[in-house]
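S.K.: Residue numbers (the UniProt record's numbering): 1 to 302.
Think of the CB as a built atom: it goes at the ideal place given N, C-alpha and C, for glycine as much as any other residue.
A quick note: this is a predicted structure, and the numbers were derived from the prediction, not measured.
One structure is given below, represented as structure tokens, and several questions about it will come after.
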């Protein structure tokens, strides 16, 4: 059952996976992930490779290569247990496949290992994962606008994501955060984002580290009246983030989004009642213009 659940989930999202795989970033990642498999199994190329198999068949995996691939599968399965989106599942597979390819190529031939490692470095520096471009109700802050917006209206509650475009975790979380903004955004509860990879001063001001070792990206912070009320993940005394899963269910529960949304709707109704027509002074009625000849008739009567 433990194996069938992720399999059914993968088949359910298969059309979406195909759509992502057709993007240049994922196409290149796919080819790089299966590079060693292609080299080892392609006739005419594998015939000239070294092998430790007893039968001398250089077009099949030896016992050490099988061991490395099995270890890779175990790591991917463990890593994907904490993945919350299909993008993260696919990203973990590509990442650890490339790591395994580096080890396998170096073991096969140091020249091939150096060539593949160079390609990985070039790919990492030149190709970036596609950003989320779907619908959302999110306001993007800069270092000059974030303080003004948070303190503009004390009745508005803000949930702000501190992110960096280079972080795979932030890229995977983008669709989840966008869905939450579509469900819960209103005039009293708003969602914002600020790129602290671009605005370093904001990172220092709100004490969110951009170091990959701190594991603080992404960080969600709840502001009420311009002041921080809570944040996830929490940070310990050593400046390290306490492990926390950025699933939609966890965010709704930890930040009490349902309760905040209901309070915000009441605030909206109170504003509407204050601005209702009954609250405005009555408009004086205009006098009807006198009919022509009315003065003449009155004079005749006199």
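1. May I have the straight-line CA-CA distance separating residue 114 from residue 131, to the nearest angstrom?
2. Of all the beta strand (DSSP E) runs that stay within the bounds of the segment 160 to 238, which reach a length of 3 or more residues?
3. Could you check the C-alpha separation between residue 187 and residue 179 for me, to the nearest Å?
4. Which residues does DSSP pair with residue 158 in a beta bridge?
5. With a cut-off of 8 Å, do at least 3 Cβ pairs link the segment 136 to 143 to the segment 192 to 202?
6. Quick check: the Cα distance between residue 90 and residue 64, rounded to an integer number of angstroms?
7. Is the separation between the beta-carbon of residue 164 and that of residue 197 shorter than 8 Å?
8. Tell me whether residue 50 sits in a helix, a strand or coil according to DSSP, three-state version.
9. Within a Cβ cutoff of 8 Å, which residues of the same chain sit near residue 314, ignoring the five residues on either side of it in sequence?
10. Tell me, please, which residues DSSP counts as bridged to residue 141.
11. What do you reckon, are the CB atoms on residue 222 and residue 230 nearer than 8 Å?
12. Using a 10 Å radius around the Cβ and a threshold of 16 neighbouring Cβ atoms, would you call residue 155 buried or exposed?
13. If you drop the 5 nearest sequence neighbours on each side, which residues of the same chain put their C-beta closer than 7 Å to that of residue 202?
14. Which residue from 161, 157 and 243 puts its Cα closest to that of residue 256?
M.R.: The structure says:
1. 30 Å
2. 189 to 195, 219 to 224 and 227 to 232
3. 17 Å
4. 190 and 223
5. yes
6. 25 Å
7. yes
8. coil
9. Since the displayed the chain opens at 1 and closes at 302, residue 314 lies outside it and no answer follows.
10. 194
11. yes
12. exposed
13. 143, 146, 194 and 196
14. 157
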